[in-house]
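In numbering that gives the first Met the number 0, the protein residues as written are 0 to 215. The C-beta atom is built at its ideal place from N, Cα and C for all residues, glycine as well. Worksheet: the structure to be examined is printed underneath.
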Amino acid sequence: MPEAHGIVVLLHGLGRTRRSMARLASRLTAAGYRVETLDYPSRRLGIAACAAHLRPTVSAIRQRAGGPIVLVGHSMGGLVARHLAAPDPALAAGLVMLGTPNRGSEAADCVSASRLGRVVFGPALRDLRTDASAAIPVPHCPMAVVAGTRALIPFFRSRIPRPHDGLVSVARAGLGAGERSCTVPAHHTRLMDHPATVAAVLETLSAWFPAAGRAG
0 MPEAHGIVVL LHGLGRTRRS MARLASRLTA AGYRVETLDY PSRRLGIAAC
50 AAHLRPTVSA IRQRAGGPIV LVGHSMGGLV ARHLAAPDPA LAAGLVMLGT
100 PNRGSEAADC VSASRLGRVV FGPALRDLRT DASAAIPVPH CPMAVVAGTR
150 ALIPFFRSRI PRPHDGLVSV ARAGLGAGER SCTVPAHHTR LMDHPATVAA
200 VLETLSAWFP AAGRAG
């Protein structure tokens, strides 16, 4: 296996745990990257507070790395990553967002209208609405977006503009800030595990970590 040539930090989405990123972590590790997969209380805190909760850990990882790291976030994890990277240009060499509702999600609009939805998903739900997306800071680092195009949840199929992954439309996944972007025929929940997603992440990392793919 090639010598590890960069540190990648993986952030899960709303209501998930670090285990949801295990398959992607395994693929990146096999490619020679050092991977840190972090947990955070996604249903107890808003997105900015989740980033504040993670900042000491991520800053320590950056210090150990001796150089910028790459943040990879699934869904809400991508928005948390934006909050982490925006105030500190030296933190991240880049940011990859997988199925992230960069312009909010109509699904979040629908669920947040329900008291039960607000109770189940917590304060971060309001940060995922379409009317809240402008409050998420945009970092000054290279970025990439991977959006899914296969809907799995029947309830939202007709409520979200196509193409979409069941929760986030391709249009709302895009940030419009010059980021790299691609679509993958996968649904939201397992987007990070799709082989095309893994390939896209590896291709992006090789551009941001020039030593990628070379033996130590």
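Identity of the residue in 157, 98, 187 nearest residue 180 by Cα:
As a working note, residue 180 is residue 181 in the sequence shown. Per the Cα distances, 98.
Can you have a look at residue 157 and say buried or exposed, based on whether 16 or more other CB atoms are within 10 angstroms of its CB?
Position 158 of the sequence shown holds residue 157. Exposed: under 16 other Cβ atoms inside 10 Å.
Write down the C-beta distance between residue 7 and residue 27 rounded to the nearest angstrom, noting that I regard them as a contact closer than 8 Å.
Here residue 7 refers to the residue found at position 8 when the sequence shown is read from its first residue. Here residue 27 refers to the residue found at position 28 when the sequence shown is read from its first residue. Yes, residue 7 and residue 27 are in contact; Cβ-Cβ is about 6 Å, under 8 Å.
Within 10 Å of its beta-carbon, does residue 231 have 16 or more other beta-carbons around it, so buried, or fewer, so exposed?
The chain is shown only over 0 to 215; residue 231 falls outside these bounds and no answer can be derived.
Name the residue from 177, 195, 182 whose alpha carbon lies nearest to the alpha carbon of residue 161.
Start at 1 with the first residue of the sequence shown, and residue 161 comes out as number 162. Per the Cα distances, 182.
Taking only runs of the alpha helix (DSSP H) that begin and end inside the region 5-69, which ones reach a length of at least 4 residues, in chain order?
Within the region 5-69, the complete alpha helix (DSSP H) runs of at least 4 residues are 21-29, 46-64.
Proximal residues to residue 88 (C-beta, below 8 Å), its chain only, five neighbours per side dropped:
Counting from 1 along the sequence shown, the entry for residue 88 is found at position 89. Cβ within range, chain order: 138, 139, 140.
Whole angstroms is fine: what's the gap from residue 164's alpha carbon to residue 104's?
Stepping through the sequence shown from its first residue, residue 164 is reached at position 165. Stepping through the sequence shown from its first residue, residue 104 is reached at position 105. When rounded, the distance between both Cα atoms is 11 Å.
Helix, strand or coil: how does DSSP classify residue 113 here?
By one-based count along the sequence shown, residue 113 stands at place 114. Residue state, collapsed to three classes: coil.
By Cβ distance below 6 Å, which residues in the same chain neighbour residue 199 in space, the five residues on each side in sequence not counted?
The sequence position of residue 199 within the sequence shown is 200, counting from 1. The beta carbon of residue 199 sits closer than 6 Å to those of 145, 181, all from its chain and outside the five residues before and after it, given in chain order.
Determine the burial state of residue 130: buried for a count of at least 16 other Cβ atoms within 10 Å of its Cβ, exposed for fewer.
Stepping through the sequence shown from its first residue, residue 130 is reached at position 131. With fewer than 16 other CB atoms across the displayed protein chains lying within 10 angstroms of its CB, residue 130 is exposed.
Have a look at 23, 9, 12 and flag the residue whose alpha-carbon is nearest the alpha-carbon of residue 195.
Here residue 195 corresponds to residue number 196 of the sequence shown, with the count starting at 1. Here the closest residue by C-alpha is 23.
Under the assumption that residue 124 contacts residue 111 (Cβ atoms under 8 Å), give the Cβ distance between them as a whole number of angstroms.
As a working mapping, residue 124 is identified with position 125 in the sequence shown. As a working mapping, residue 111 is identified with position 112 in the sequence shown. Between residue 111 and residue 124 the Cβ distance is about 5 Å, and since that is below 8 Å, they are a contact.
Using three-state DSSP, classify residue 161 as helix, strand or coil.
Locating residue 161 in the sequence shown gives position 162, counting from the first residue. It is coil, neither helix nor strand.
Under 8 Å by Cβ, that's how I've got residue 46 and residue 82 pegged, so tell me the actual separation to the nearest angstrom.
Here residue 46 is taken as the residue at index 47 of the sequence shown, counted from 1. Here residue 82 is taken as the residue at index 83 of the sequence shown, counted from 1. The C-beta distance from residue 46 to residue 82 rounds to 6 Å, short enough to meet the 8 Å contact threshold.
Which residue comes first and which comes last in the beta strand (DSSP E) that contains residue 131?
On the sequence shown, residue 131 is found 132 positions in, with the first residue counted as 1. It is not in any beta strand (DSSP E) - residue 131 carries neither H nor E in the DSSP assignment.
Going by other Cβ atoms of all chains shown within 10 Å of its Cβ, with 16 needed for buried, is residue 212 buried or exposed?
Along the sequence shown, read from residue 1 onward, the residue named residue 212 stands at position 213. For residue 212, the pLDDT reaches just 38, beneath the cut-off of 50, and the residue's location in the model is therefore unreliable, although a value from the coordinates is still provided. Classification of residue 212: exposed, given that the 10 Å Cβ count is below 16.
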